[in-house]
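Peer 1: The structure that follows is given in the form of structure tokens.
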Amino acid sequence: MRVAILGAGIMGSCLALQLSRRGVSVTLIDKEAAPAACASRWNEGKIHLGYLYGADPSLATARHMLPGSLLFSDLLQEVIDADPRRRATTSDDIFVVHRKSVTTPDALEALFCRIDELVSAHPDAGRYLADASTARHRRLGRDEVSAISGSDDIVAGFAVPERSIDTQWVADRLVDAVSATGGIELRLNTRVLGAEPVDLPGGAWRVRTDRGDEAFDLVVNTLWEGRLAVDATAGLPMPADWSHRYRLCLFVRTATHLDVPSTLICVGGFGDVKNYGGRDFYMSWYPVGLVATGREVAPPPRPVELGPDEEVRFVEGVRANLTRLLPATEQIFSAASETRIKGGYVFAQEAGDLNDPHATIHRRDRFGVERNGNYLSVDTGKYSTAPFMARRVAQIIAG
Ligand SMILES: Cc1cc2nc3c(=O)[nH]c(=O)nc-3n(C[C@H](O)[C@H](O)[C@H](O)COP(=O)(O)OP(=O)(O)OC[C@H]3O[C@@H](n4cnc5c(N)ncnc54)[C@H](O)[C@@H]3O)c2cc1C
């Protein structure tokens with residue numbers, strides 16, 4: 234069986250590695266010059282247990298993400314042959330609640346109690362990045378909140394048992410693994426334009442690219458922001474709703490080791506800082522970093538690279554907003570030895586403004602696999618759920 238995987242992000246790469254472990258030959262196609270060069274390299278790497286979705290009281294998001302997030306580390310290790318736990322954050326995330334949060338601290342606390350139950354009762358809780366079988370959130374005292382932020386805009390705080398992973402390290406391991414694994418043919422610098430059945434339903438599929446056409450026994454679309462446009466050519470129905478957003482963030486390396494805690498301002502379109510090992514940091518201020526949005530089948534065009542002056546303005550925009558609410562982040566800006574402005578598309582089968590409590594974007598429970606004969610299309614959902622989805626699709630294809 235010849236299988237084409239369209240898209241070599243974390244989803245396509247994990248799937249290629251899972252299939253090759255099952256003896257299936259794969260052609261992995263991507264428009265970039267290397268695998269894992271887009272959203273899967275440049276994101277925050279939070280492995281979601283559901284706490285961030287504090288404006289989804291149904292808990293549907295937490296329930297949908299939990300099985301994949303708990304197994305993220307084990308399933309990733311299976312394919313990259315290195316232990317992701319060594320590159321994970323080592324303490325609980327701090328969530329501070331903004332005065333303009335779309336949900337109140339008390340409502341959040343009630344929800345966090347229910348998520349604690351959900352997580353700790355799950356049979357795989359012990360397999361999370363850090364054992365979550367006795368995991369509990371903790372509401373911070375007034376003095377603790379004041380020590381994190383002196384701002385009147387911050388009205389409460391929680392320590393939440395979530396961890397994140399250094400996504401650049403994972404991307405490097407995925408590049409090594411797909412390059413070194415026999416049975417995976419890498420087809421890079423190749424843009425996918427469409428996919429159509431060769432003749433009969435249930436038979437082979439032809440993949441159209443800017444470098445020519447080729448038929449495969451089975452095709453899996455993991456193109457993330459490019460997925461719907463190719464699904465449309467393959468005759469798959471479009472989802473009920475969706476949105477594309479392009480987000481830019483800062484990836485900073487510091488000259489010295491810093492103990493700035495990983496802290497997120499919630500719930501809405503605010504910002505956060507993530508500390509990976511004391512010298513590598515992710516920082517974002519959502520309104521500054523949200524540079525393109527769209528609700529068409531094709532994503533809005535990727536923004537052009539910023540010029541030197543725009544880069545300075547961007548960094549200053551993040552810095553001014555973040556340091557006002559989280560003064561400790563000033564240490565990161567002051568000690569920065571390398572600052573990169575990077576980001577990627579976020580696709581969701583939900584939409585709206587994060588500052589609108591009624592926007593569907595506060596839920597993320599609709600991702601999964603669609604199928605038309607030997608053409609499968611995978612909405613990864615989140616980075617957190619990619620290795621789990623990859624194993625599921627590999628099982629569908631090869632048992
Ligand atoms: C700023 C930011 C922060 C985020 N934070 C988190 C987080 O903390 N936790 C979390 O779980 N998720 C997070 N996400 C979401 C996460 O990054 C994505 O869910 C995940 O990376 C998707 O993986 P993927 O492999 O499906 O997509 P990608 O990594 O984007 O891979 C898709 C691949 O398809 C290729 N491609 C697209 N169209 C075409 C085409 N037409 N032809 C050929 N190739 C094409 C691209 O080049 C790309 O390599 C964040 C995203 C962003 C942008």
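Under the working numbering, read the sequence shown as residues 234 to 632, first letter to last. Glycine included, every Cβ here is placed at the ideal spot set by N, Cα and C.
(1) For ligand 1, is there any heavy atom lying closer than 7 Å to the beta carbon of His490?
(2) State yes or no: is the C-beta of Leu481 within less than 8 Å of the C-beta of Lys333?
(3) Return the residue from the list Pro290, Arg360, Ile630 and Ile381 that minimises the CA-CA distance to Thr337.
(4) Rounded to whole angstroms, how far is the Cβ of Phe211 from the Cβ of Leu407, which I believe are closer than 8 Å?
(5) How would you call Ser306, buried or exposed, if buried means at least 16 neighbouring beta carbons within 10 angstroms?
(6) For Trp475, is the beta carbon positioned less than 7 Å from some heavy atom of ligand 1?
(7) Using a 10 Å radius around the Cβ and a threshold of 16 neighbouring Cβ atoms, would you call Gly435 buried or exposed?
(8) Could you check which residue in Ala354, Val236 and Ala343 has the C-alpha nearest to that of Val259?
(9) Is it the case that the Cβ atoms of Gly245 and Thr455 are separated by a distance below 8 Å?
(10) Which term fits Arg320, buried or exposed, when burial requires 16 or more other beta carbons within 10 angstroms of its beta carbon?
(11) Where in the segment 575-629 do unbroken runs of the beta strand (DSSP E), each at least 3 residues long, occur, reported from the N-terminal end onward?
(12) Could you compute how far the alpha carbon of Ala266 sits from the alpha carbon of Tyr479?
(13) With a threshold of 7 Å, establish whether the CB of Tyr616 neighbours any heavy atom of ligand 1.
(14) Is Asn276 close to ligand 1? I mean its beta-carbon at under 7 Å from any heavy atom of the ligand.
(15) Should Val271 be counted as a contact of ligand 1 given a C-beta to heavy atom distance under 7 Å?
(16) On the DSSP letters alone, give me the boundaries of the alpha helix (DSSP H) that Ser253 sits inside.
(17) For a test of the three-state rule: what should DSSP assign to Met298, helix, strand or coil?
(18) Quick one: Cα of Pro536 to Cα of Ala354, how far?
(19) In this structure, does DSSP put Gly522 in helix, strand or coil?
(20) Would Gly415 be called buried (16 or more neighbouring beta carbons within 10 Å of its own) or exposed?
(21) Taking only the alpha-carbon atoms, compute the straight-line gap between Ala462 and Asp376 and give it to the nearest angstrom.
(22) Assuming Val329 and Ser382 are in contact, meaning their beta carbons sit under 8 Å apart, how far apart are those beta carbons, in whole angstroms?
Peer 2: Result, derived from the coordinates:
(1) Numbered from its first residue, the sequence shown carries residue 490 at position 257. Relative to ligand 1, the beta carbon of His490 is positioned no closer than 7 Å to any heavy atom.
(2) Translated into positions along the sequence shown, residue 481 becomes position 248. Translated into positions along the sequence shown, residue 333 becomes position 100. Inclusion of Leu481 and Lys333 in the CB contact set at 8 Å is not warranted, their separation being larger than that value.
(3) In the sequence shown, the residue the question calls residue 337 occupies position 104. Considering only alpha carbons, the answer is Pro290.
(4) What the structure shows of the chain is the stretch from 234 to 632, and residue 211 is not part of that stretch, so it cannot be assessed.
(5) As a first step, residue 306 is located in the sequence shown; it is residue number 73 there, counting from the start. Classification for Ser306: buried.
(6) For the purposes of this step, residue 475 is taken as the residue at position 242 of the sequence shown. No, the beta carbon of Trp475 sits no closer than 7 Å to any heavy atom of ligand 1.
(7) In the sequence shown, residue 435 corresponds to position 202, counting from 1. With fewer than 16 neighbouring CB atoms inside 10 Å of its own CB, Gly435 falls in the exposed class.
(8) As a working mapping, residue 259 is identified with position 26 in the sequence shown. Minimum Cα-Cα distance from Val259 among the listed residues Ala354, Val236 and Ala343 corresponds to Val236.
(9) If you number the sequence shown from 1, residue 245 lands on position 12. If you number the sequence shown from 1, residue 455 lands on position 222. Taking 8 Å as the cut-off, the Cβ atoms of Gly245 and Thr455 count as close.
(10) Locating residue 320 in the sequence shown gives position 87, where the first residue counts as 1. With 16 or more other CB atoms across the displayed protein chains lying within 10 angstroms of its CB, Arg320 is buried.
(11) Taking 3 residues as the shortest admissible run, the segment 575-629 contains the following complete beta strand (DSSP E) segments, listed from N- to C-terminal end: 602-605 and 608-611.
(12) As a first step, residue 266 is located in the sequence shown; it is residue number 33 there, counting from the start. As a first step, residue 479 is located in the sequence shown; it is residue number 246 there, counting from the start. Approximately 20 Å, taken between the alpha carbons.
(13) Locating residue 616 in the sequence shown gives position 383, counting from the first residue. Closer than 7 Å to some heavy atom of ligand 1: that describes the Cβ of Tyr616.
(14) Against the sequence shown, residue 276 aligns to sequence position 43. Checking every heavy atom of ligand 1 against the Cβ of Asn276, one is found closer than 7 Å.
(15) Taking the sequence shown and counting its residues from 1, the one referred to as residue 271 is at position 38. Checking the sequence shown, residue 271 turns out to be Cys, not Val. Checking every heavy atom of ligand 1 against the Cβ of Cys271, one is found closer than 7 Å.
(16) By 1-based counting over the sequence shown, the position of residue 253 is 20. Counted as a single uninterrupted DSSP element, the alpha helix (DSSP H) harbouring Ser253 occupies residues Ile243 to Arg254.
(17) Reading the sequence shown from its first residue, position 65 is the one you call residue 298. Residue state, collapsed to three classes: helix.
(18) Taking the first residue of the sequence shown as 1, we reach residue 536 at position 303. Taking the first residue of the sequence shown as 1, we reach residue 354 at position 121. Cα to Cα, Pro536 sits roughly 44 Å from Ala354.
(19) Numbered from 1 along the sequence shown, position 289 holds the residue referred to as residue 522. It is helical.
(20) Locating residue 415 in the sequence shown gives position 182, counting from the first residue. Result: exposed.
(21) The sequence position of residue 462 within the sequence shown is 229, counting from 1. The sequence position of residue 376 within the sequence shown is 143, counting from 1. Near 51 Å, if we compare the C-alpha coordinates of Asp376 and Ala462.
(22) By one-based count along the sequence shown, residue 329 stands at place 96. By one-based count along the sequence shown, residue 382 stands at place 149. At roughly 6 Å, the Cβ-Cβ gap stays under 8 Å, so Val329 and Ser382 are in contact.
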